[in-house]
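Here the structure comes first, spelled out in structure tokens, and everything after it is commentary.
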Amino acid sequence: MIHWIKKLFGIRRPERITEEQIGRLPADKLCRKYIDGELASDMESEVFDSIMCAVELHAEVINGGFNQYYYNSGGERAQKAEDTFVRLGATRIADVVKRANAQYAASRDWLQSVWDGTNEGFAQGYKEKIFDGFDDEYYALMKNDRQLYTMIGRYIKQHPQEFLTGMTE
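In terms of our numbering, the sequence shown opens at residue 1 and continues consecutively.
Shown next as structure tokens:
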């Protein structure tokens, strides 16, 4: 009961990430604990930031497509997300992101001119179907969140030293 109360109020101290946990936890659960901050990690590290770029892209695209992702992010971390998918070994997903990034770069000026903060402006990207093909490809490759979490968890298991480094009390 006390653990639940601590978690509810955000005073639960994260567990220290260990080789034993990396080996024991299923890949998807390991990833969830890592990105949710339940496992202590250096949230300022390059690897954490890279993983979060892919998680952010995935969340936006699954929720509302690439139009929503670029609208909300301005594409600021899109290249890093693409690079992270390559790093994770998801080359087909990285290719979709790469091509969507190129389409965004080619359409950026127009999109920025119509994305005026209104629902109508936001909807223009959807009306023009700029990213529809990329959305379809992404959804065909990434069926759900668990698939992404498993991919990230496998990467953690294959590269534990990237996640254990600098973890001192």
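Quick reminder that beta carbons are idealized off the backbone N, C-alpha and C, glycines included.
What would DSSP say about residue i, mapped onto helix, strand or coil?
{"i": "R77", "result": "coil"}
{"i": "L25", "result": "coil"}
{"i": "E38", "result": "coil"}
{"i": "I2", "result": "Because the pLDDT at I2 is just 45, under 50, the model does not fix this residue reliably, and the value given afterwards should be weighed accordingly. Helix, per DSSP."}
Go to residue i, then tell me how far its alpha helix (DSSP H) extends in each direction, as first and last residue.
{"i": "A90", "result": "Per DSSP, A90 belongs to no alpha helix (DSSP H) and is neither H nor E."}
{"i": "N119", "result": "N119 to K127"}
{"i": "I157", "result": "Note on residue identity: the sequence assigns Lys, not Ile, to residue 157. D145 to Q158 is the extent of the alpha helix (DSSP H) around K157."}
{"i": "F163", "result": "Q161 to L164"}
{"i": "D136", "result": "D132 to L141"}
What's the call for residue i, buried or exposed, on a 16-neighbour Cβ count within 10 Å?
{"i": "H58", "result": "buried"}
{"i": "R92", "result": "exposed"}
{"i": "E60", "result": "buried"}
{"i": "N67", "result": "buried"}
Tell me whether the beta-carbon of residue i lies closer than 8 Å to the beta-carbon of residue j.
{"i": "L88", "j": "Y139", "result": "no"}
{"i": "G65", "j": "N101", "result": "no"}
{"i": "K29", "j": "S50", "result": "no"}
{"i": "V86", "j": "E162", "result": "no"}
{"i": "L164", "j": "E19", "result": "yes"}
{"i": "F134", "j": "Y71", "result": "no"}
{"i": "V97", "j": "E120", "result": "no"}
{"i": "G153", "j": "C53", "result": "no"}
{"i": "A27", "j": "K157", "result": "yes"}
{"i": "E56", "j": "R24", "result": "no"}
{"i": "A90", "j": "M151", "result": "yes"}
Out of curiosity, what's the CA-to-CA distance linking residue i and residue j?
{"i": "I22", "j": "H159", "result": "10 Å"}
{"i": "G117", "j": "F131", "result": "19 Å"}
{"i": "A106", "j": "G125", "result": "13 Å"}
{"i": "M1", "j": "Y104", "result": "The predicted position of M1 is uncertain, since its pLDDT is 43 and thus under 50; a value taken from the coordinates is nonetheless stated next. The straight-line gap from Cα to Cα measures roughly 49 Å."}
{"i": "S73", "j": "S45", "result": "21 Å"}
{"i": "M167", "j": "Y34", "result": "Residue placement at M167 is poorly supported in this model, since its pLDDT is 46, which falls under 50; the coordinates still yield a value, given next. Between M167 and Y34, the C-alpha separation is close to 13 Å."}
{"i": "R16", "j": "Q147", "result": "25 Å"}
{"i": "D136", "j": "D109", "result": "24 Å"}
{"i": "Y69", "j": "D36", "result": "21 Å"}
Under the criterion of a Cβ to heavy atom distance below 7 Å, does residue i qualify as lining the ligand ZN?
{"i": "V61", "result": "The ligand ZN is not part of the structure shown, which contains no ligands of any sort."}
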